[in-house]
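Trainee:
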Amino acid sequence: MSINAVNDHLAGLVVAGYSGAMMLTTFAITRLIFSKRAGWAAVILLLSSHMFVDWSTSGYVDVPVGVYHGLCFLFAYIWMQTGGQRWAVIAGIMAGLALWTKQSALVLLPALGIVPLLRIRTGSSTLTETRNSLTAFGSVLLIAGPWYLRSLIIT
1 MSINAVNDHL
11 AGLVVAGYSG
21 AMMLTTFAIT
31 RLIFSKRAGW
41 AAVILLLSSH
51 MFVDWSTSGY
61 VDVPVGVYHG
71 LCFLFAYIWM
81 QTGGQRWAVI
91 AGIMAGLALW
101 TKQSALVLLP
111 ALGIVPLLRI
121 RTGSSTLTET
131 RNSLTAFGSV
141 LLIAGPWYLR
151 SLIIT
């Protein structure tokens, strides 16, 4: 391999890393909401999906964005359960990374907006939830904003 050549082996490792992250994310979400046994079942179902196997081996962009979607859901769920601001920040970061990966991740923004509304409905402080929500959306803007600003400037 010559200098400045495309390194397919390194690209393959990145694809494998995202595929592994997708399996871990699937397990973590299912274990948190249901049980450890259900988590393993979810991973087995994921691995038995022909589409996931094809996309994981071809480097298709929906695998990384799926990881970020899953992690955003996981952290937003923990935020909804605990009300912790750090979970709002991490959920916002994951949404920002998803937006940076693919524009279809815009669907995460209304989803993040629902979390504080659900918490307020259950009796949480409106001020606290507004602050957490602004923090989450600020994280999204901090991560995804530079990419979209760059695109706006060059077009």
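Heads up: the sequence shown runs through residues 1 to 155, numbered per full-length UniProt numbering. The beta-carbon is built from N, C-alpha and C at its ideal position, and this holds for glycine as well.
#1: If you count every other CB in all the chains shown that lies within 10 Å of the CB of N4, and 16 or more means buried, which is it?
#2: Rounded to the nearest angstrom, what separates T57 and L13 at their Cα positions?
#3: Taking the Cβ atom as the reference point for each residue, do A98 and V61 lie within a distance shorter than 7 Å?
#4: Could you round the C-beta distance between G70 and T26 to whole angstroms and report it? I think they count as a contact, below 8 Å.
#5: My understanding is that W100 touches A144, with C-beta atoms under 8 Å, so please give their C-beta distance in whole angstroms.
#6: Excluding sequence positions up to five away, which residues of its chain have a Cβ less than 6 Å from the Cβ of G92?
#7: Could you pull the start and end residues of the alpha helix (DSSP H) that G123 belongs to?
#8: Please check the pair M94 and Y68, which I expect to be a contact at CB under 8 Å, by giving their CB distance rounded to whole angstroms.
#9: Would you mind listing the alpha helix (DSSP H) stretches within the stretch 58-82 that are 4+ residues and don't spill past its ends, in chain order?
#10: Please classify S151: does DSSP put it in a helix, a strand, or coil?
#11: Can you list, in chain order, the residues of its chain whose CB lies under 8 Å from that of M80, leaving out five sequence neighbours each side?
#12: What did DSSP end up calling S49 once you bin it into helix, strand or coil?
#13: Look at M22 and V63 and say whether their C-beta atoms are less than 7 Å apart.
#14: Candidates H9, N7, L74, L10: which alpha carbon is nearest F34's?
#15: Taking the alpha helix (DSSP H) that A105 belongs to, which residues open and close that run?
Mentor: Judging by the given coordinates:
#1: exposed
#2: 10 Å
#3: no
#4: 7 Å
#5: 5 Å
#6: A136, S139, V140
#7: Note, G123: premise wrong, no alpha helix (DSSP H); not H, not E.
#8: 5 Å
#9: 62-82
#10: helix
#11: V115, L118, R119
#12: coil
#13: yes
#14: L74
#15: A105 -> no alpha helix (DSSP H), and no H or E assigned at all.
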